[in-house]
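What follows is a single structure, written as structure tokens, with notes after it.
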Amino acid sequence: MSFRALTIGDGDFSFSLALKRAYPDIHVTATTLIDNDEELYETYSNSKEIVKEFRQVWNETIIMGTDGTKIEESIHVASEEMKYDIILFNHPHLGDAVLQESEQKHAERHYILLSHYFHSAKKLLKQRGRIHVCLCGQQPTTWDLMKAAENSGLILSQQDITARPIENWLFDNDDERSMHPLGEVLKHYPTARKFRNGKLGSKHFLARYGYRHRRTGGERFGGNESEMNVQQSENFVFVVNQKGSRIDTVEQFECNICRLKFDCHEELSRHLKSPALPDIALGTFIHEKNDQSLPCKKKKEVSSLEPRDINDTNTIVTMKVTKDYDGKRIKWLSRQKDFPLSEYIKSKSQCKTALKMGRIYINGLCCMDDSRIVRENDVIDFVEEYQMVNERKLDGTEGSKEDAHEVNNEEANVKIVKKIPSKLDSGTFLTVALKPVGIRCVGNFSPYTLEMILKKQLESKESMENIFCQSISKLDTGCSGLCPVIVSSGKLGDLSLKSVKVSYSFTVLVHGNVPKAWKNGVYCSIPKNGVRKWKRLKTEEEMNAVDSNDEPDRFEVMSDELDLADALFITFSDNFQVLEGDENTMISTLTVKSSHDDGRIASVISFLLRKLGFPVVNDRFCKRELSLLPRRMKNILKQKICIECNHVNVEYEGTNHSIEIEPHRRTQCSFWREIMYK
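In terms of the numbering used here, the sequence shown is numbered consecutively and its last residue is 683.
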């Protein structure tokens, strides 16, 4: 009697083909819910070659339009010999349409799928036949795999990871294993490396024979991750319990397979007719072109420059390696406080950038390797950055675009919105700049801080020389928005900087349905003991001290007016219910004003809104709230936190100046309303 295997829901049929290649002596019947070949080829572009080989080379059967919960309706077996030794279902998944609505409903939906799959597959088994299912991560627990099997009178026989040889569980005994030796791996069998090396979560034994796990939507999936990650994948093999299934009394309007209860006979009938269909079959699967999102781009590394002769450079500092640092690597040495180079290089990434830009020389030769080991008495030179844009070469000719060093994208995105000249000093003025995400406001340790970028722009474009740029605000690196900066011919003292008063206005998108009472505005006090208190561990003295002004566990809003130097003024603007019928999927747009100026004001706002129960969308401390949003929103949001400083009111030399820009679309409910209802 030949060994017969049946695969359920095999996407592009790569598993069925790989199984046949691995064991040429067995019979493999492949099935899919897709109705016809044309739709299959549209969903999986690689399936045409697979189907051709499976049918013509191996002479095996493919059955289209097979529902995994009603297998017997598509496959009719006339005798015991035509039944199957094993029925296999790899990664059953219906889609995430209800996951955003409720994780419990998502799990229940897949529990129903497993229950009805087991019940249906059991009808097509030989006397000693087995039923297989492959799941990943926490799915066996959250989807209640064992309960679903028990309801159909099955017990677990074997459990194994996908990387191990499948003969351990594919065949019932050693005699069967010896009868079906493993086939040779031909040169064209192995699939792409990412399906073989575990990059997508788990390795699979049949990947060497061409198996690759695909999404239900195949090429029609429009999200960022084109291939599904299946970490901790395991094979579960069940056999029929000879003691019989558990007999429980079935209540009225209760499904006798999955034990789901319904309100009426009509609902139960609809359930039994189609217990579990995937999103793509229900029409809720998103695959239109306007829903597609480009994959996240990798950060572009600074391109390496051709090494220059040290005589063609302007040296900033020269230092000699002492005996104490003999045998150390340059990337470690450059950051040591007692080594002169540490004044200019503060981190490993800055060292790597400096090396790529050809700014570090060792013994007169340009060093390009951050793992370079230095020796005692080595001479290290740190030189100025090589600029070819709009500059002349040493021979007097103009530098071409090909010679020019690529302008940093962040630098190009810094824009001056307004310049306010000083009435007291002709060489001083206030500028308000628009800072993008990813740039620090303060510091000269890097050419890519806001102060240094503005200095470079003003010196090159407006022919200004030897100027100082000093940021009034310390807007967070992860927040974009308007930043007032004093530009002068000399460094200003702290007293002059503090004389500039700034009031900030942020537009924020938050999770939750903000009370309508906030429409007129409410105040929230900022902790008195410093905004950075919750960002560090307490010292031993602080832990032992009793402080009545300690940070409260809860924060409250009030209508009584507070000083904005130590408070936030929050106004409700708009809200939007992303999914109907679920209050947890509400988002709201707020305007937050404050003149608090101890730095990191966006972090202060995020912290207080989080404590008030309305966390900022994409706040890294609120991943659970983000997971409730539809995939389309998350693909557009990516990693950007939805907060921006779009309005500042500056008091400069006795005059008030109001500067405002349009808020970013990701902070506006109106934008998301248009996207979701498009």
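Beta carbons are placed, not taken as given, at the ideal position from N, Cα and C, and that holds for glycine. Treat the numbers as computed from the prediction; the structure is a model and nothing was measured.
Rounded to a whole number of angstroms, what is the C-alpha to C-alpha distance between residue i and residue j?
i: Thr318; j: Asp568; result: 53 Å
i: Ile575; j: Trp523; result: 7 Å
i: His209; j: Asn178; result: 22 Å
i: Ser600; j: Thr660; result: 17 Å
i: Tyr116; j: Leu150; result: 7 Å
i: Ser578; j: Thr672; result: 11 Å
i: Glu47; j: Val583; result: 31 Å
i: Ser675; j: Val621; result: 17 Å
i: Met469; j: Gly517; result: 49 Å
i: Glu665; j: Asn651; result: 6 Å
i: Ala154; j: Val82; result: 23 Å
i: Ile171; j: Leu191; result: 18 Å
i: Lys440; j: Phe267; result: 56 Å
i: Asp343; j: Leu429; result: 42 Å
i: Phe532; j: Lys521; result: Phe is not the amino acid found at residue 532; the sequence shown has Pro there. Their backbone Cα atoms lie some 25 Å apart in a straight line.
i: His32; j: Asn64; result: 9 Å
i: Gln236; j: Gln143; result: 10 Å
i: Asn95; j: Lys53; result: 20 Å
i: Phe176; j: Ser183; result: 10 Å
i: Arg219; j: Trp337; result: 44 Å
i: Arg169; j: Glu239; result: 10 Å
i: Leu463; j: Gly369; result: 33 Å
i: Thr596; j: Phe18; result: 53 Å
i: Leu22; j: Gly249; result: 35 Å
i: Arg364; j: Ser354; result: 14 Å
i: Leu24; j: Lys199; result: 19 Å
Have a look at the options and flag the residue whose alpha-carbon is nearest the alpha-carbon of residue i.
i: Ser376; options: Lys361, Val388 and Leu463; result: Lys361
i: Ala112; options: Leu129, Ala281, Leu161 and Phe20; result: Ala281
i: Gln109; options: Thr146, Val242 and Gly604; result: Thr146
i: Phe619; options: Val653, Asp343, Phe560 and Lys643; result: Phe560
i: Asn449; options: Pro195, Asp42, Leu429 and Ser347; result: Ser347
i: Leu159; options: Glu679, Val653, Gln257 and Ala126; result: Ala126
i: Leu99; options: Leu45, Ser279, Tyr509 and Asp331; result: Ser279
i: Leu265; options: Asn173, Gly604 and Lys152; result: Lys152
i: Arg678; options: Phe581, Ser354 and Cys647; result: Phe581
i: Thr272; options: Phe258, Ser451, Phe94 and Lys204; result: The question names Thr, yet the displayed sequence has Glu at residue 272. Among Phe258, Ser451, Phe94 and Lys204, the Cα nearest to that of Glu272 is on Phe258.
i: Ile262; options: Arg334, Phe123 and Gly142; result: Phe123
i: His193; options: Ser183, Leu140, Lys628 and Arg26; result: Arg26
i: Lys643; options: Glu658, Asn654, Arg625 and Val653; result: Arg625
i: Ile80; options: Thr12, Leu633 and Val422; result: Thr12
Using C-beta distances below 8 Å, list every residue in its chain close to residue i, excluding the 5 sequence neighbours before and after it, in chain order.
i: Lys325; result: Asn382, Asp383, Val384 and Ile385
i: Lys685; result: This structure cannot speak to residue 685, because the chain is shown only from 6 to 683.
Do residue i and residue j have their C-beta atoms closer together than 8 Å?
i: Glu656; j: Lys506; result: yes
i: Thr37; j: Asp15; result: yes
i: Ile91; j: Ala212; result: no
i: Lys424; j: Thr436; result: yes
i: Leu514; j: Ile641; result: no
i: His270; j: Cys260; result: no
i: Cys529; j: Ala572; result: yes
i: Pro195; j: Gly215; result: yes
i: Glu256; j: Phe8; result: no
i: Thr167; j: Ser107; result: no
i: Val242; j: Gln163; result: yes
i: Ser564; j: Val527; result: yes
i: Arg340; j: Ile350; result: yes
i: Thr512; j: Glu649; result: yes
i: Leu617; j: Asn623; result: no
i: Arg637; j: Ile606; result: no
Could you name the residues of the same chain whose beta carbon sits closer than 6 Å to that of residue i, not counting the 5 residues immediately before and after it, in chain order?
i: Pro345; result: Val322 and Met324
i: Gly70; result: Asp40
i: Asn687; result: Residue 687 is absent from the model: the chain starts at 6 and stops at 683.
i: Thr66; result: Thr34
i: Tyr366; result: Ile315 and Asp386
i: Val244; result: Arg135 and Ser162
With a threshold of 8 Å between beta carbons, is residue i in contact with chain B?
i: Gly158; result: No chain B appears in this structure, which consists of one protein chain only.
Taking 7 Å as the cut-off, is the beta-carbon of residue i closer than that to any non-hydrogen atom of the ligand ZN?
i: Asn580; result: For the ligand ZN, the structure offers nothing, since it holds no ligand at all.
Here's a check: name, in chain order, each residue in its chain whose Cβ is nearer than 7 Å to the Cβ of residue i, leaving out the five neighbours to either side.
i: Ser476; result: Cys446, Val447, Leu455, Glu456, Cys488 and Val490
i: Lys460; result: Ile472 and Cys474
i: Arg60; result: Ile67
i: Lys75; result: Ser125
Review point. Taking the runs of the alpha helix (DSSP H) that are 4 residues or longer, which of them lie wholly in the region 33–61?
Key: 42–48 and 52–57
Point to revise | Contained alpha helix (DSSP H) runs [length at least 4] in the region 571–616, N- to C-terminal order | key: 606–616
Review point. Can you list, in chain order, the stretches of the beta strand (DSSP E) that have 3 or more residues and sit fully within the region 83–149?
Key: 89–95 and 130–140
Check your understanding: Quick one: complete alpha helix (DSSP H) runs, 4+ long, within the region 337–384?
Key -> 353–361
Point to revise | beta strand (DSSP E) runs contained entirely in the region 464–525, provided each spans 3 or more residues | key: 473–476, 485–493 and 506–516
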